[in-house]
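Read through the structure below, which is laid out as structure tokens, and then see the notes.
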Amino acid sequence: MNIDQLNQNYPDLEYFTEPLSESKDYSLTTNGITAEIAIKSTGDILKLSKDHLTNLNDSKKFIKRGFHFIDHCGFQFGKYGEISITFFHPKFNYIDEAQEWYANPLKFKIGNKLFSIGPASPLFVFISEPLYRDSDLQYDFQNFTTIKVTNTSFVTIKDDIIKAIYFLNSYYLKKIGYVSRIYQMNIDYDAIELWNTDEYEKFKKLNRIRIRERYDFLSLEPLKLYNHSQLLNGDEKFLLLYRILEFFMDRARIKKLNELRSDKTVTDNQLLKTIDKKNEEMLLDNLLITSLNTNQKKRLSSYAFHCKLIPSNNYQLLPKALYKYRNSIVHAKEQQITETKIPDPFSQSTETYSWTYIVDDIALKCIIKYNKNEILLP
């Protein structure tokens with residue numbers, strides 16, 4: 215197969231060719247000057263010319279029709295894409311390094327797209343490490359964590375990754391208190407920080423065997439908001455999550471109107487009054503009514519009462535209190551200063567954390583209720 219000749223011609227790639235040639239998911243064939251890499255999951259074959267390999271050997275990106283570098287975080291070719299991610303605990307969100315995945319590869323499907331989160335593939339390492347390695351700060355790319363997706367395209371790869379990160383953040387990593395995001399491999403030499411070393415045991419909890427079927431979405435905007443909110447703390451996080459609620463207020467209102475139209479006992483005057491309700495507090499109240507079931511309402515009102523956010527354990531008080539808290543953050547007019555939340559550097563109040571927990575929970579319920587694509591994909 216002339217691997218030895220290939221390594222002689224491109225000595226800086228030698229470290230990466232053996233894992234690629236021995237992989238069960240990829241195959242490497244070469245005449246010593248050019249190379250072909252088969253991606254078995256999609257049937258795509260990446261043909262690299264002498265110029266392509268010379269560029270990689272010299273730590274330069276190559277240009278090839280149909281192959282796309284996705285910013286500084288990965289690539290897409292044919293029906294295959296692979297993007298690097300990192301993860302961290304929100305209390306230590308200054309960390310900006312690639313991280314190792316300590317669990318079995320996590321797999322799920324959205325329609326006909328298969329996602330796999332785990333250690334970087336030999337192909338990813340072969341393509342990326344020559345471009346971004348640093349002998350002191352960034353090496354051993356086989357220990358990086360990536361999202362691999364099959365049946366993607368250049369048009370959809372970024373949207374697909376957003377969906378995958380949403381499920382990572384809202385279903386999997388959330389259970390162990392971690393957050394994921396896309397990892398840009400170009401090094402910021404001014405922001406190098408050390409990483410905790412206690413992740414191994416926590417990530418064992420993510421081990422999964424079966425491939426779970428996941429639903430698709432009608433809109434990406436709420437997912438983008440949710441993913442970014444998980445990178446924030448305090449009022450910033452609360453407000454971004456609240457924007458998800460605002461996004462779905464009209465959908466909830468339309469659903470309510472459709473229900474009323476089908477109810478023969480509802481008069482025209484009652485329907486007109488409902489249509490007229492454009493006050494945001496009323497829209498929020500309707501959103502919570504239609505998004506939460508009875509048990510969820512009881513649980514959230516009990517939590518709010520326990521945290522002293524409402525004066526009694528009564529769900530009817532929750533929407534009004536939530537809306538009032540939101541206004542205390544966004545409004546700072548002098549006339550409203552007594553109702554405005556002004557940061558106190560000496561305060562250790564948990565109010566923001568408690569409201570953020572509540573609005574996070576409601577946002578996820580709204581995404582499930584109003585953003586799930588019920589159409590079965592091929």
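Following my numbering, the numbering of the sequence shown begins with 215 at its first residue and continues without gaps.
Ideal Cβ positions, reconstructed from N, Cα and C, are used throughout, including at glycine.
According to DSSP, residue pairing for K586 in a beta bridge involves F431.
If you draw a straight line from the Cα of R424 to the Cα of M496, it is about 43 Å long.
Inclusion of V369 and L445 in the CB contact set at 9 Å is not warranted, their separation being larger than that value. The C-alpha of Y567 lies about 10 Å from the C-alpha of C521. At a cut-off of 3 residues, the continuous stretches assigned as beta strand (DSSP E) that sit fully inside the segment 260–292 are 281–284 and 288–291. The C-alpha of A334 lies about 9 Å from the C-alpha of E314. With contacts defined by Cβ atoms closer than 9 Å, Y294 and T364 form a contacting pair.
In this structure, I458 and Y429 do not form a Cβ contact; the two beta carbons are roughly 17 Å apart against a cut-off of 8 Å. Residue nearest to N221 within the set F340, A378 and I468 is F340 (criterion: CA-CA distance).
Here DSSP, grouped into helix, strand and coil, assigns G448 to helix.
Beta-bridge annotation (DSSP): I251 is paired with L242 and L260. Excluding residues up to 5 positions away in sequence, D373, I376 and K377 lie with their Cβ nearer than 8 Å to the Cβ of L434 in the same chain.
Rounded to whole angstroms, the Cβ separation of M399 and S237 is 21 Å, and the two are not in contact under 8 Å. Contact between I572 and L536 holds: CB atoms are separated by about 7 Å, below the 8 Å threshold.
Taking 9 Å as the cut-off, the Cβ atoms of L262 and I277 do not count as close. M463 is positioned such that its CB atom lies closer than 9 Å to that of L498. For R513, the closest C-alpha among the options N500, L532 and P525 is that of L532. A distance below 7 Å between beta-carbons, with the five flanking residues on each side excluded, links D449 to the following residues of its chain, in chain order: I543 and T566. Boundaries of the alpha helix (DSSP H) harbouring V544: L532 to V544, taken from the DSSP string. Contact between R465 and Y380 is ruled out by a C-beta separation of about 18 Å, above the 8 Å threshold.
Apart from sequence neighbours up to five positions away, the residues of its chain that approach F338 with a beta-carbon distance below 6 Å are E296 and T360, ordered along the chain.
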